[in-house]
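Worksheet for the structure shown next.
Chains as they are written, first to last, in my numbering: chain A, 4 to 118; chain B, -7 to 105.
Below you can see the structure in the form of structure tokens.
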């Protein structure tokens, strides 16, 4: 158990819908990272937040947005969902948000299925 | 740009050794290694920073050749619990890459009794 929690564990929805994925980082960690893992694209970095501020952006679609709240939990919002958005979405956290210089602890993931 | 891992898959018997390589075309600042079992989250193994360091953890070790932009993960005397997909995640050198890990496509390791 990494100490990072994600809800929900599974999500099934229809194309065109909007969903919100939630992540609580490990106690004391200030930074949250979001990743998407699909069979064809592998594990891809989406976005990083540090203490409420966006710090780095990766291959995140405009239909996707995220935020980190004062209590440090983070939400990833996915809208106008398409079949290709079906994937495992992982959240990871680290202490200082120094990107690749720190261990990132991964949550159990949210499996999204768009029908 | 995604780092390239080789081999794509390895099948071992318990007690055998394996090496997994991770190569990048870009100058790297750090390389992370993770193991992921099916349906589970990636689990951190180790980080190597530029400077050509080598690290070890139990019977798993890794090296980072900064000049070649290549890292290798060494698994010795493999155990059944080593089975899974191994990913390298790389951080490019340079300010705009801050916070971004780019992962390789993964190497599937299967250990049989």
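In this text, a Cβ means the ideal position worked out from N, Cα and C, and glycines have one as well.
Every value quoted in this text rests on a predicted model; they were computed, and no experiment measured them.
What number of angstroms, rounded off, separates the C-alpha of residue 57 of chain A from the C-alpha of residue 69 of chain B?
43 Å
C-alpha gap between residue 35 of chain A and residue 63 of chain B, whole angstroms:
26 Å
My parser needs the beta strand (DSSP E) runs of 3 or more residues fully inside the region -1 to 25 of chain B; what are they?
Qualifying beta strand (DSSP E) stretches, in chain order: 1 to 5, 10 to 15.
What residues from the region 28 to 41 of chain B come within 8 Å of chain A, judged by C-beta to C-beta, listed N to C?
32, 33, 34, 35, 36, 39, 41
Got a sec: is the Cβ-Cβ distance from residue 109 of chain A to anything in chain B below 8 Å?
At least one chain B Cβ lies under 8 Å of residue 109 of chain A.
Within chain B, the residues that residue 67 of chain A reaches when beta carbons sit closer than 8 Å:
Neighbourhood of residue 67 of chain A in chain B, by CB distance below 8 Å: empty, with the nearest CB roughly 16 Å away.
Neighbourhood of residue 17 of chain A by C-beta distance below 8 Å, restricted to the same chain and skipping five residues each side
Within the same chain, Cβ atoms closer than 8 Å to the Cβ of residue 17 of chain A are found at 84, 117, 118, the five residues on either side in sequence being excluded.
Of the residues A:79, A:112, A:72, the one placed nearest residue 65 of chain A, counting alpha carbons only:
A:79
Can you tell which of B:-5, B:86, B:105, B:85 has the C-alpha that lies nearest to the C-alpha of residue 47 of chain A?
Cα-wise, what sits closest to residue 47 of chain A is B:-5.
Burial state of residue 59 of chain A, where buried means 16 or more other Cβ atoms lie within 10 Å
When all chains shown are included, residue 59 of chain A counts as buried.
Cα-Cα separation, residue 54 of chain A to residue 26 of chain A
14 Å
Start and end residues, beta strand (DSSP E) containing residue 116 of chain A
113 to 117
Go ahead and pull the three-state DSSP assignment for residue 81 of chain B.
Of the three classes helix, strand and coil, the one that applies to residue 81 of chain B here is strand, per DSSP.
Spatial neighbours of residue 100 of chain B in its chain, beta-carbon cut-off 6 Å, leaving aside the 5 residues before and after:
1, 77
Residues of the region 36 to 69 of chain A with Cβ closer than 7 Å to any Cβ of chain B, in chain order
45, 46, 48, 51, 58, 59, 61
Using only CA atoms, which one of B:84, B:73, B:86 lies nearest to residue 35 of chain B?
B:73
For the ligand MG, is there a heavy atom less than 7 Å away from the beta-carbon of residue 35 of chain A?
For the structure depicted, the ligand MG is absent and the ligand set is empty, with no information on it obtainable.
Close beta carbons around residue 51 of chain B, own chain, < 6 Å, minus the five adjacent residues each side
68, 69
Counting contacts by CB-CB distance shorter than 8 Å, is residue 79 of chain B in contact with chain A?
yes
Please name the residue in A:68, A:96, A:105, A:75 whose C-alpha comes closest to that of residue 22 of chain A.
It is A:68 whose Cα lies nearest to the Cα of residue 22 of chain A.
Reference residue 38 of chain B, options B:54, B:7, B:94, closest by Cα
B:54
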